[in-house]
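Asks: The opening residue of the sequence shown carries number 534 in this note's numbering; numbering runs sequentially from there.
Where is the CB? At the ideal position from N, CA and C, for every residue including glycine.
Pasting a structure below so you can have a look.
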Amino acid sequence: MVTLYVTSLAKGSGKTTVCAGIGQRLLNEGKKVGYFKVAPDDQDTTAEGNDSDAVFMQRILKLKEPLEQICPPPGKSGSLPDRVKKAVNQVSKGKDVLIIEGGNSPEIAKALKAKVIIVDTTVDSPGRKLVSASKAFDSLLLGVILNKIPAKQVEEVHSQAPDTFSQKGMNVLAVLPEDRALFTLTVGEVAAQVQGEFLNNADKSEELVENLMLGAMTVDTGPLYYGLKANKAVLLRSERSDMQLAALQTPTRCLVLSGKRELLPQVMNEAEEKEVPIIQTDDDVASIISGIEDALARNRFNQTQKLPRLAELMEQHVDFGTLCKELGLSSKK
C-alpha cells in the first residue's frame with residue numbers, strides 16, 4: 534500500500550481540494566483509495582459534530598469506514614505520530630492508496646513512511662518556511678502543488694516556478710489556477726448565513742451560487758443588468774417587487790430579500806414557475822453582503838457539485854502519469 538501525506542503551511546491553501554482531486558482520479562482508475570484526516574485544533578464540524586472534510590471525503594470516495602475512524606478526535610495519551618499510526622492501521626486495510634490530510638508534521642510522515650505533497654499558494658520563489666519544511670520532510674517530499682494561482686499569473690508561474698523551486702531542492706508537481714467555481718456557496722449556505730427563511734423551493738438548497746448581484750439602477754435596465762451574470766443570488770429589499778420580477782427573467786439561483794414585507798403574488802408565481810428559491814431575512818442589505826462575504830472567505834471545498842470542474846482542472850494541470858510513477862502506482866495516463 535502507498536501512503537500519501539498532503540499538507541500545507543497555512544490554513545486555506547487547498548489540502549482538501551487536492552486530496553479530493555487526486556483521490557477521485559485514482560478511484561476512477563480502479564484503485565482502492567482510503568482517506569484519513571489528522572484532526573486540527575480548529576476543526577470545522579457539521580451540525581452532528583463530525584469533521585466536515587471527513588464527511589465529504591467519505592462520501593466521494595465511497596468509504597465504508599466510520600467517521601470516527603476516518604478523522605478521530607485528538608487524543609491525549611502518547612505522541613501524535615504514534616496515535617496517528619495506530620489509527621491509520623484501521624482505515625488502511627485493503628487499500629491500494631491511503632491519502633492522509635494533515636498539518637505540517639514531518640514526524641507523522643516519517644512514522645508512516647509516507648510520500649509527501651505540500652500545497653502552497655505562493656506565486657513567488659519559495660519562502661523561508663517552505664524551504665525549511667521541504668528540508669524537514671527530506672526524501673519523503675514528492676514536491677509542491679501551487680494552488681489558487683491568479684489566472685493572469687498562471688502562465689508565468691508555470692514557466693518560472695519549476696526552475697526557481699528546483700534551486701531550493703523542490704519539484705513543482707502542478708500549478709492550479711484560482712477558480713471561483715470551486716469556492717462558491719450553495720443556496721442553503723447563503724440562507725443559513727443570513728438566517729433566512731425559504732419561502733419556496735427549499736429543495737434547491739444544494740444549487741451553487743457563483744455570483745452576487747444587487748439592485749439595478751432603474752426598472753428598464755433590470756433585465757439587461759441581471760442578464761450579465763448567471764447562477765447568481767440577487768440581494769434586494771422585500772418591497773422592490775419590480776426588481777424581483779426583473780431578476781426572475783434571467784438565470785438566477787435565488788432571491789435574498791431584506792425585510793419581511795409580504796411579497797406580491799406575481800413574484801411568488803414567477804419564482805415558482807422558474808423554480809427559483811426566495812429567501813427572506815430580517816437583516817438589511819449591507820449586513821447580508823457582509824455575512825455572505827465572510828462565508829465566502831471561510832468557505833471549504835466540500836460540495837460534490839464542484840467535482841466535475843475540479844476534475845477538469847486536475848486533468849489539465851496535473852501530470853498524473855508522473856505522479857503515479859513517483860508513488861509507485863500504474864496509471865492509465
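Nearest-angstrom Cα distance between ASP653 and HIS850?
Replies: For this step, residue 653 is matched to residue 120 along the sequence shown. For this step, residue 850 is matched to residue 317 along the sequence shown. C-alpha separation (whole angstroms): 15 Å.
Asks: For ALA735 and LEU790, I'd like the C-alpha separation in whole angstroms.
Replies: Locating residue 735 in the sequence shown gives position 202, counting from the first residue. Locating residue 790 in the sequence shown gives position 257, counting from the first residue. Answer to the nearest angstrom: the Cα atoms are 15 Å apart.
Asks: Determine the extent of the alpha helix (DSSP H) in which THR837 is found, giving its start and end residues.
Replies: In the sequence shown, the residue the question calls residue 837 occupies position 304. THR837 -> no alpha helix (DSSP H), and no H or E assigned at all.
Asks: On the DSSP letters alone, give me the boundaries of the beta strand (DSSP E) that GLY636 sits inside.
Replies: Mapped onto the sequence shown, residue 636 falls at position 103. Counting along the chain, GLY636 falls outside any beta strand (DSSP E), and DSSP gives it neither H nor E.
Asks: Is LEU706 helix, strand or coil by DSSP?
Replies: Reading the sequence shown from its first residue, position 173 is the one you call residue 706. Note: LEU706 maps to strand in three-state DSSP.
Asks: Specify the secondary structure class of ALA666 as computed by DSSP and reduced to three states.
Replies: Translated into the one-based positions of the sequence shown, residue 666 becomes position 133. The answer is helix: DSSP assigns ALA666 an H, G or I state.
Asks: Between which two residues does the alpha helix (DSSP H) carrying GLY660 extend?
Replies: Locating residue 660 in the sequence shown gives position 127, where the first residue counts as 1. Here GLY660 belongs to no alpha helix (DSSP H), and DSSP marks it neither H nor E.
Asks: Can you tell me where the alpha helix (DSSP H) with ASN680 in it begins and where it stops?
Replies: Counting from one through the sequence shown, the residue named residue 680 turns up at place 147. Note, ASN680: premise wrong, no alpha helix (DSSP H); beta strand (DSSP E) at 674–682.
Asks: Tell me, to the nearest whole angstrom, how far the beta carbon of GLU743 is from that of THR717; I am working on the premise that it is less than 8 Å.
Replies: Here residue 743 is taken as the residue at index 210 of the sequence shown, counted from 1. Here residue 717 is taken as the residue at index 184 of the sequence shown, counted from 1. Right, their Cβ atoms sit about 5 Å apart.
Asks: Tell me whether the beta-carbon of GLY554 lies closer than 9 Å to the beta-carbon of LEU596.
Replies: Here residue 554 refers to the residue found at position 21 when the sequence shown is read from its first residue. Here residue 596 refers to the residue found at position 63 when the sequence shown is read from its first residue. No, Cβ-Cβ distance for GLY554 and LEU596 is not below 9 Å.
Asks: Can you have a look at THR549 and say buried or exposed, based on whether 16 or more other CB atoms are within 10 angstroms of its CB?
Replies: To locate residue 549, count along the sequence shown from 1; it is residue 16. With 16 or more other Cβ atoms within 10 Å, it is buried.
Asks: Which of the three DSSP states is assigned to GLY567 in this structure?
Replies: In the sequence shown, counting from the first residue as 1, residue 567 sits at position 34. GLY567 falls in the strand class under three-state DSSP.
Asks: In the DSSP assignment, what are the bridge partners of ARG770?
Replies: Along the sequence shown, read from residue 1 onward, the residue named residue 770 stands at position 237. Looking at the DSSP assignment, ARG770 forms a beta bridge with SER791.
Asks: Do the CB positions of GLU711 and LYS681 come within less than 9 Å of each other?
Replies: Translated into positions along the sequence shown, residue 711 becomes position 178. Translated into positions along the sequence shown, residue 681 becomes position 148. In this structure, LYS681 lies closer than 9 Å to GLU711 by Cβ.
Asks: Considering GLN557, what are the terminal residues of the alpha helix (DSSP H) in which it resides?
Replies: Taking the sequence shown and counting its residues from 1, the one referred to as residue 557 is at position 24. It spans 548–561 - the alpha helix (DSSP H) in which GLN557 sits, taken as one unbroken run.
Asks: With 16 as the cutoff for other CB atoms within 10 Å, does LYS646 come out buried or exposed?
Replies: As a first step, residue 646 must be located in the sequence shown, where it is residue number 113. Result: exposed.
Asks: Are the stretch 626–635 and the stretch 666–680 in contact at 8 Å, needing three or more beta carbon pairs?
Replies: Counting Cβ pairs under 8 Å, fewer than three are found: no touch.
Asks: DSSP state of SER863, grouped into three classes?
Replies: For the purposes of this step, residue 863 is taken as residue 330 along the sequence shown, with counting starting at 1. If DSSP states are grouped into helix, strand and coil, SER863 belongs with coil.
Asks: With a CB to CB cut of under 8 Å and the five nearest residues on each side skipped, what residues in its chain are close to VAL535?
Replies: Start at 1 with the first residue of the sequence shown, and residue 535 comes out as number 2. Within the same chain, VAL535 has close Cβ partners ASP629, VAL630, LEU631, LYS648, LEU860, GLY861 and LEU862.
Asks: Mind checking THR719: buried by the 16 CB within 10 Å criterion, or exposed?
Replies: The residue labelled residue 719 in the question sits at position 186 within the sequence shown. Its Cβ being crowded by 16 or more others within 10 Å, THR719 is buried.
Asks: Do ILE593 and PHE569 come within 9 Å of each other at the CB atom, strictly closer than that value?
Replies: Counting from one through the sequence shown, the residue named residue 569 turns up at place 36. Counting from one through the sequence shown, the residue named residue 593 turns up at place 60. The answer is no: Cβ separation not under 9 Å.
Asks: Based on Cα-Cα distance, which residue from SER625, LYS858 and ALA844 lies nearest to ASN561?
Replies: As a first step, residue 561 must be located in the sequence shown, where it is residue number 28. With distances taken between Cα atoms, ASN561 lies closest to ALA844.
Asks: Restricting to Cα atoms, I'd like to know which of ASP584, GLU772, LEU715 and LYS737 is closest to LEU573.
Replies: In the sequence shown, counting from the first residue as 1, residue 573 sits at position 40. For the sequence presented, residue 573 should be read as Pro rather than Leu. Measuring from the Cα of PRO573, the nearest candidate turns out to be ASP584.
Asks: Under DSSP, the alpha helix (DSSP H) around MET590 begins and ends at which residues?
Replies: On the sequence shown, position 57 is the one that residue 590 refers to. Run containing MET590: 585–593, per the alpha helix (DSSP H) assignment.
Asks: Using the rule of at least 16 other Cβ atoms within 10 Å of the residue's Cβ for burial, across every protein chain shown, is ASN802 buried or exposed?
Replies: Position 269 of the sequence shown, counted from the first residue, corresponds to residue 802. Classification of ASN802: exposed, given that the 10 Å Cβ count is below 16.
Asks: What's the call for GLY676, buried or exposed, on a 16-neighbour Cβ count within 10 Å?
Replies: The residue labelled residue 676 in the question sits at position 143 within the sequence shown. GLY676 should be labelled buried.
Asks: Taking 8 Å as the limit between beta carbons, can you name the residues of its chain near LEU542, skipping five residues before and five after?
Replies: Position 9 of the sequence shown, counted from the start, is the residue given in the question as residue 542. Result list for LEU542: ASN637, ILE651, ASP653, LYS662, LEU663 and ALA666, in chain order.
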